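Notes follow once the structure below has been shown.
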Ligand SMILES: *[C@@H]1O[C@H](CO)[C@@H](O)[C@H](O)[C@H]1NC(C)=O
Ligand SMILES: *[C@@H]1O[C@H](CO)[C@@H](O)[C@H](O)[C@H]1NC(C)=O
Ligand SMILES: *[C@@H]1O[C@H](CO)[C@@H](O)[C@H](O)[C@H]1NC(C)=O
Ligand SMILES: *[C@@H]1O[C@H](CO)[C@@H](O)[C@H](O)[C@H]1NC(C)=O
Ligand SMILES: [Cu+2]
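In mature numbering (1 follows the signal peptide of the UniProt record, and there is no 0), the protein residues as written are -18 to -1, 1 to 231.
In structure tokens:
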């Protein structure tokens, strides 16, 4: 179905039921412009350009799982670093409609969303950080109930920066993925923002994980299926969050 959509001229694509990209950061209850604070990504050939940027990553070993499709070296030198107060609510918002008259994309793929932080290595400029270091998880959005994922149909994933996060510059990374019932067909929507977290700190983040290769195609929370079939479980509430645990701050 998704591969079939790729074959259609972009003009025929229904905006709400195609792919999507988290290109806008929400800080201080304000939605930024596209790639103001988020690393820009490469586009497939085609129009509209934002739709061409919205295609997913399929391969769990792809280095692009760090921050998005060819997001490093940083493609948008005008990217800004958002100052964020520890303890505040922020969010990753999808792009606007792909073209005039199109409808607002929504989080359409059934699966969880997770948000991570990776502290900028000492002495490095954030423009030079590729995201190969340690990340800790600060937010998870799984099933809302037995039939519906909590992010399904939303236009953003909102979450709280833990109040005791040590101050400093970080890559703030979202991954939202289609936990496919067909092995090897998971779809990954990944973006990274540049943030400067301010606050009194005091916490000790962890546990850590690195990207890519954080997961395997056969993991039950990546290949989410009824035993012995290629079907999604009828009851999704048994879905288990991928490791590691969320750092609570
Ligand atoms: C996410 O935050 C934005 C900005 O504060 C808000 O408008 C939106 O309603 C929030 N979304 C959800 C699902 O809470
Ligand atoms: C997945 O990506 C890795 C690393 O780039 C590459 O070696 C491998 O061939 C890719 N696998 C597929 C199926 O494309
Ligand atoms: C959010 O508000 C704080 C406190 O007023 C401010 O220091 C910070 O620059 C604001 N961040 C953005 C991205 O607007
Ligand atoms: C599950 O949650 C969704 C979204 O909140 C809601 O629309 C739906 O009615 C709920 N379904 C059940 C079985 O509770
Ligand atoms: Cu898609």
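Even for Gly, the Cβ is constructed at its ideal location relative to N, Cα and C. None of the values given here were measured: they were computed from a predicted structure.
Hey, is residue i close to ligand 4, as in C-beta under 7 Å from one of its heavy atoms?
i: residue 232; result: As displayed, the chain neither begins before -18 nor continues past 231, which places residue 232 out of reach and without an answer.
i: residue 130; result: yes
Quick one: is residue i buried, meaning 16 or more other Cβ sit within 10 Å of its Cβ, or exposed?
i: residue 104; result: exposed
i: residue 126; result: exposed
i: residue 22; result: buried
i: residue 186; result: exposed
i: residue 109; result: exposed
i: residue 50; result: buried
i: residue 3; result: buried
i: residue 189; result: exposed
i: residue 222; result: exposed
How many Å lie between residue i and residue j at the Cα?
i: residue 42; j: residue 200; result: 11 Å
i: residue 27; j: residue 149; result: 40 Å
i: residue 124; j: residue 55; result: 32 Å
i: residue 212; j: residue 161; result: 12 Å
i: residue 57; j: residue 16; result: 13 Å
i: residue 112; j: residue 209; result: 38 Å
i: residue 12; j: residue 146; result: 23 Å
i: residue -8; j: residue 86; result: Confidence at residue -8 is low in this model, with a pLDDT of 41, below 50, so the placement of that residue is unreliable and no value is reported for it.
Closest to residue i by C-alpha separation, out of the options, would be which residue?
i: residue 136; options: 188, 73, 15 and 164; result: 73
i: residue 205; options: 58, 96, 40 and 78; result: 40
i: residue 78; options: 6, 121 and 100; result: 6
i: residue 99; options: 228, 153 and 163; result: 153
i: residue 25; options: 101, 68 and 1; result: 1
i: residue 224; options: 157, 163, 182 and 214; result: 157
Measuring from the CB of residue i, is there a heavy atom of ligand 2 at a distance below 7 Å?
i: residue 44; result: yes
i: residue 127; result: no
i: residue 164; result: no
i: residue 58; result: no
Answer yes or no: the CB of residue i versus the heavy atoms of ligand 3, is any distance below 7 Å?
i: residue 9; result: yes
i: residue 133; result: no
i: residue 65; result: yes
Tell me whether residue i, by its Cβ, gets closer than 7 Å to a heavy atom of ligand 1.
i: residue 96; result: no
Would the C-beta of residue i count as close to ligand 5, meaning under 7 Å from any of its heavy atoms?
i: residue 91; result: yes
Would you kindly report the start and end of the unbroken alpha helix (DSSP H) that includes residue i?
i: residue 34; result: 31 to 34
On the DSSP letters alone, give me the boundaries of the beta strand (DSSP E) that residue i sits inside.
i: residue 139; result: 138 to 142
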